[in-house]
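Trainee: For reference, the structure I am asking about is given below.
Numbering (this note's numbering), first residue to last: 38 to 151.
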C-alpha cells in the first residue's frame, strides 16, 4: 500500500523515479512495521496492561499527528516520519538487547561479549 501511495504522489515523474519512490515508500513501510512489531514483542513480555495501553495510545496519537501535518506540510511530515523511524529503530535495538540479556540470564547461559 505504501509503495502504491508513493507512486501516486510522485505525479509527473518518469518511470525510473516512480520506481525509486515505490521502493523508498515500500522500504520505509517495511522498516516501520518491523520496528513496531519488534517493540510490541518487547512490550507484550510485561504482564501488566499499562505499557500496552500507553503504547497503543502513543502509536495512535503519533499516526494522527503525522497525518494532520502531512495534509498541510508534507516535507515536515516526511522529516518527522524519518526521525520517528530512526528513534523507533534505536529504541528497538536497546530494548531487544535487554530482552536478550534477560533471556540468556534466565536460561543460565553466559553473557554475550560484543
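Every residue gets a Cβ at the ideal spot worked out from N, C-alpha and C, and that includes glycine. Small disclaimer: the values here were computed from a predicted structure and weren't measured.
Give the C-beta separation of residue 88 and residue 80 to the nearest angstrom, bearing in mind that I take them to be a contact with Cβ-Cβ under 8 Å.
Mentor: The residue labelled residue 88 in the question sits at position 51 within the chain shown. The residue labelled residue 80 in the question sits at position 43 within the chain shown. Rounded, the Cβ-Cβ distance is 5 Å, consistent with contact.
Trainee: Under 8 Å, with one C-beta from each stretch per pair, do the stretch 135-151 and the stretch 94-110 reach the 3-pair mark?
Mentor: no
Trainee: Distance check for residue 135 and residue 69, CA to CA, integer angstroms please.
Mentor: Walking along the chain shown from the start, residue 69 turns up at place 32. Walking along the chain shown from the start, residue 135 turns up at place 98. Rounded to whole angstroms, residue 69 to residue 135 spans 21 Å at the Cα level.
Trainee: So the alpha helix (DSSP H) residue 111 belongs to, where does it begin and stop?
Mentor: The residue labelled residue 111 in the question sits at position 74 within the chain shown. Boundaries of the alpha helix (DSSP H) harbouring residue 111: 111-144, taken from the DSSP string.
Trainee: Within the same chain, show all residues whose beta-carbon is closer than 8 Å to that of residue 122, passing over the 5 residues directly before and after it, in chain order.
Mentor: Along the chain shown, one-based indexing puts residue 122 at 85. Contacts found: 65, 68, 69, 72.
Trainee: Out of 42, 141, 118, 85, which one is the CA nearest neighbour of residue 101?
Mentor: Mapped onto the chain shown, residue 101 falls at position 64. The candidate whose alpha carbon is nearest that of residue 101 is 118.
Trainee: Could you pull the start and end residues of the alpha helix (DSSP H) that residue 83 belongs to?
Mentor: Position 46 of the chain shown, counting from 1, holds the residue named residue 83. Taken as a continuous stretch (DSSP letters only), residue 83 belongs to no alpha helix (DSSP H), as it is neither H nor E.
Trainee: Tell me whether residue 82 is buried or exposed, calling it buried when 16 or more other Cβ atoms sit within 10 Å of its Cβ.
Mentor: As a working mapping, residue 82 is identified with position 45 in the chain shown. So residue 82 counts as exposed.
Trainee: When DSSP labels each residue in this structure, what does residue 98 get in the three-state scheme?
Mentor: The residue labelled residue 98 in the question sits at position 61 within the chain shown. Of the three classes helix, strand and coil, the one that applies to residue 98 here is helix, per DSSP.
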